[in-house]
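The sequence shown lines up with residues 1 to 539 when you count with the numbering used here.
Quick reminder that beta carbons are idealized off the backbone N, C-alpha and C, glycines included.
Remember, predicted model here, so these are calculated numbers, not experimental data.
A short worksheet on the structure shown next.
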Amino acid sequence: MTEVALHPSARETATRWWRDAVIYQVYVRSFADGNGDGVGDLLGVRGRLRYLADLGVDAIWLTPFYPSPMADFGYDVADHRDVDPIFGSLADARALIDDAHRHGLKIIVDVVPNHTSDAHPWFLAALAAGPGAPERERYIFRDGRGAAGELPPNDWESIFGGPAWTRVADGQWYLHLFAPQQPDLDWEHPEVHEEFADVLRFWLDLGVDGFRIDVAHGMVKAPGLPDVGHAGQVRMIGADVVPYFDQDGVHEIHRAWRRILDSYDGERIGVAEAWAPTPERLARYVRPDELHQAFNFHFLTTPWDAAGFRTVIDESLRTAGLVGAPSTWVLSNHDVKRHVTRYGGGELGLRRARAAALLMLALPGSAYIYQGEELGLPEVLDLPEEYLRDPQRLRDPGSGRDGCRVPLPWTATGEPPYGFAPPGIHESWLPVPAEWRDLSVEAQLGKETSMLGLYRSALEIRRAHPDLGDGRLGWLDSPPGTLAFSRGGSFACLVNMTHDWVEIDAAPGEPLLASDGPAVHGDQVRLPPDSATWWNIGR
Ligand code: GLC
1 MTEVALHPSA RETATRWWRD AVIYQVYVRS FADGNGDGVG DLLGVRGRLR YLADLGVDAI
61 WLTPFYPSPM ADFGYDVADH RDVDPIFGSL ADARALIDDA HRHGLKIIVD VVPNHTSDAH
121 PWFLAALAAG PGAPERERYI FRDGRGAAGE LPPNDWESIF GGPAWTRVAD GQWYLHLFAP
181 QQPDLDWEHP EVHEEFADVL RFWLDLGVDG FRIDVAHGMV KAPGLPDVGH AGQVRMIGAD
241 VVPYFDQDGV HEIHRAWRRI LDSYDGERIG VAEAWAPTPE RLARYVRPDE LHQAFNFHFL
301 TTPWDAAGFR TVIDESLRTA GLVGAPSTWV LSNHDVKRHV TRYGGGELGL RRARAAALLM
361 LALPGSAYIY QGEELGLPEV LDLPEEYLRD PQRLRDPGSG RDGCRVPLPW TATGEPPYGF
421 APPGIHESWL PVPAEWRDLS VEAQLGKETS MLGLYRSALE IRRAHPDLGD GRLGWLDSPP
481 GTLAFSRGGS FACLVNMTHD WVEIDAAPGE PLLASDGPAV HGDQVRLPPD SATWWNIGR
């Protein structure tokens with residue numbers, strides 16, 4: 001058995017809630033509609049807190065609900081200290097934070113520091129003031145190249161496709177790594193630092209327990225804004241260092257933010273959405289004086305293959321352990337195709353997603369659940385054309401993220417959107433497929449064998465079991481195509497990623513939970529294809 005070593009400080013800090021928290025991502029627009037306009041809102045979330053507490057998660061992360069023209073569905077923020085009327089009011093936000101705490105749930109909110117909306121007062125002032133004015137210095141305005149400045153200042157490409165520069169009426173260009181409605185801020189400007197420090201304090205004072213930091217690798221750009229020299233740059237992100245992402249200077253910002261977080265009581269946290277070329281570079285975001293966690297996109301992007309998972313798990317534990325941080329695990333979010341579909345779709349995808357849930361929740365560290373994965377929702381691949389609005393579609397028509405953002409089905413009666421909206425409301429901003437009635441919360445609640453039943457059981461066991469959560473993992477010998485590891489002395493997780501039944505030589509014990517039927521056991525554990533079992537050793 002090989003033990004994966006942890007940094008010594010991991011032990012000392014094992015009581016900190018975030019080291020092994022299960023955090024549920026609420027994509028506010030699509031979670032629950034409280035006021036009947038077809039769009040999810042804070043009132044809707046408040047009404048479903050009991051569901052989340054009963055599910056057994058520790059915290060919820062809310063995607064942006066701030067005033068926004070919604071060019072990127074709220075990731076284009078026009079006012080960082082208020083709530084968009086479509087999502088409610090500041091009073092609703094306060095009430096939600098307080099209610100969540102009463103339900104024993106922590107609240108994490110999104111902060112979007114790389115860019116603002118083009119409707120933000122700063123950007124409006126920058127446009128009005130003209131070239132050379134101090135108002136322009138909070139963003140990245142440059143003259144163009146070419147005889148008449150008709151070419152963009154460099155070759156950077158937007159993540160959503162096309163050049164990362166847009167020209168304004170007076171001839172200058174501004175940088176936007178995402179949509180043209182999302183101008184990048186210039187973090188060389190002291191006012192930008194002061195503003196965001198103040199925004200963090202604003203929400204911390206309201207009681208939030210932490211922040212998910214959008215594009216946490218993006219704020220600092222290489223001096224002189226040098227060309228990349230290649231087209232198709234989106235494929236380089238997460239694989240190479242590009243002059244607009246993962247620059248060393250970004251870590252100073254995270255250190256300053258950590259000092260703010262630490263000045264509040266109760267372990268308030270920062271979670272980096274950072275795409276870094278290697279696990280080592282990702283671990284730099286979670287050094288002891290920086291952020292607490294970083295999303296593990298290397299885990300999320302691993303295909304259904306045991307050797308690949310073993311490599312990424314080892315790498316993640318090793319690199320996070322080197323800096324004393326917990327690893328995190330995530331299978332889906334609002335930016336990627338849902339994993340039921342990524343793992344093959346239909347019955348096969350669902351089987352694998354069930355096994356993946358048991359794998360993820362048995363690993364040391366913190367886990368993220370994207371709303372609806374506990375229901376086994378697939379990606380919606382056939383949304384009618386008129387509904388598709390995600391700016392990422394501009395990159396190529398197949399890349400839109402609308403299909404993972406379809407509203408949740410809550411009730412098993414009547415018509416779509418199945419309880420997403422109050423009774424009598426039949427419209428939702430994206431249509432809920434008719435067949436999702438059987439995937440609704442109501443259809444699955446109380447059924448132990450449903451996906452929801454599996455998540456609830458797994459979270460209950462994880463919470464109670466002394467060997468789960470933070471700590472060590474020890475690999476056990478197992479055949480090719482499988483994963484087997486122990487946690488502490490009494491727990492093992494066995495995963496079969498092959499198409500066949502396999503036998504694993506685990507210590508004598510009994511099944512605690514299985515993704516597919518009871519695994520057959522005796523001297524050896526027999527696992528069905530594409531399944532996982534939690535195994536109680538020595539009972
Ligand atoms: C992050 C968000 C994504 C958004 C982008 C720009 O990647 O997760 O939804 O489009 O940042 O803010």
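query: Do you know how far the Cα of Ala294 is from the Cα of Glu12?
result: Because Glu12 carries a pLDDT of 41, less than 50, the predicted location of this residue cannot be relied on, and no value is offered for it.
message: If you reduce the DSSP assignment to three classes, tell me which class Ala355 lands in.
response: helix
field: Test item: CB-CB of Gly344 and Glu379 under 8 angstroms
entry: no
query: For the alpha helix (DSSP H) that contains Phe309, what are its first and last residues?
result: Unbroken alpha helix (DSSP H) run through Phe309: 306-322.
When Gly47, Glu415, Val312 are compared against Asp98, the one with the closest alpha-carbon: Nearest C-alpha to Asp98: Gly47.
- prompt: Cβ of Asp246 versus every heavy atom of ligand 1: is any distance shorter than 7 angstroms?
  reply: no
query: For ligand 1, any of its heavy atoms closer than 7 angstroms to the Cβ of Val330?
result: no
- request: Kindly indicate the opening and closing residues of the beta strand (DSSP E) around Ser486.
  value: 482-487
- prompt: Going by the C-beta, is Glu157 closer than 7 angstroms to any heavy atom of ligand 1?
  reply: no
field: Closer than 7 angstroms: Tyr75 CB and nearest ligand 1 heavy atom
entry: yes
message: Rounding to the nearest angstrom, what Cα-Cα distance links Pro479 and Leu473 in this structure?
response: 18 angstroms
query: Relative to ligand 1, is the shortest distance from any of its heavy atoms to the C-beta of His254 smaller than 7 angstroms?
result: no
message: Please report the distance separating the alpha-carbon of Arg145 from that of Tyr174.
response: 13 angstroms
query: Should Gln371 and Leu408 be called a contact, given that it needs their Cβ atoms to be closer than 8 angstroms?
result: Cβ distance < 8 angstroms, so Gln371 and Leu408 count as in contact.
task: Identify, in the order they occur along the chain, each residue of the same chain with its Cβ nearer than 7 angstroms to the Cβ of Asp289, setting aside the five sequence neighbours on each side.
output: Same-chain partners within the cutoff: Arg255, Arg258.
task: For Pro163, write down the residues that DSSP places opposite it in a beta bridge.
output: Glu157
field: Close Cβ partners of Tyr455 (< 7 angstroms) along its chain, the five nearest in sequence each way excluded
entry: Here the set comprises Leu55, Ala357, Glu374.
- prompt: So the alpha helix (DSSP H) Gln444 belongs to, where does it begin and stop?
  reply: Unbroken alpha helix (DSSP H) run through Gln444: 441-444.
- prompt: What residues in its chain sit with their C-beta under 6 angstroms from that of Glu137, if we drop five residues either side in the sequence?
  reply: Excluding sequence neighbours, Glu137 sits near His189.
- prompt: Beta carbon of Asp72: closer than 7 angstroms to some heavy atom of ligand 1?
  reply: yes
message: Is it the case that the stretch 483-495 contacts the stretch 519-538, given that we only count it when at least three CB pairs across the two stretches are under 8 angstroms?
response: yes
message: Which same chain residues end up closer than 7 angstroms to Pro529 when comparing Cβ atoms and leaving out the 5 residues on each side of it in sequence?
response: Asn496, Thr498, His499, Asp500, Trp501
message: Need the endpoints of the beta strand (DSSP E) that Phe211 sits in, please.
response: 210-213
query: Are the Cβ atoms of Pro279 and Thr319 separated by less than 8 angstroms?
result: Their beta carbons are under 8 angstroms apart, which means Pro279 touches Thr319 by this criterion.
Proximal residues to Leu513 (C-beta, below 8 angstroms), its chain only, five neighbours per side dropped: Leu358, Leu454, Ser457, Ala458, Ile461, Thr533, Trp534
- request: Can you grab the Cα-Cα spacing for the pair Gly541 / Gly400, in whole Å?
  value: Residue 541 lies beyond the stretch modelled for the chain, which goes from 1 to 539, so this question has no answer here.
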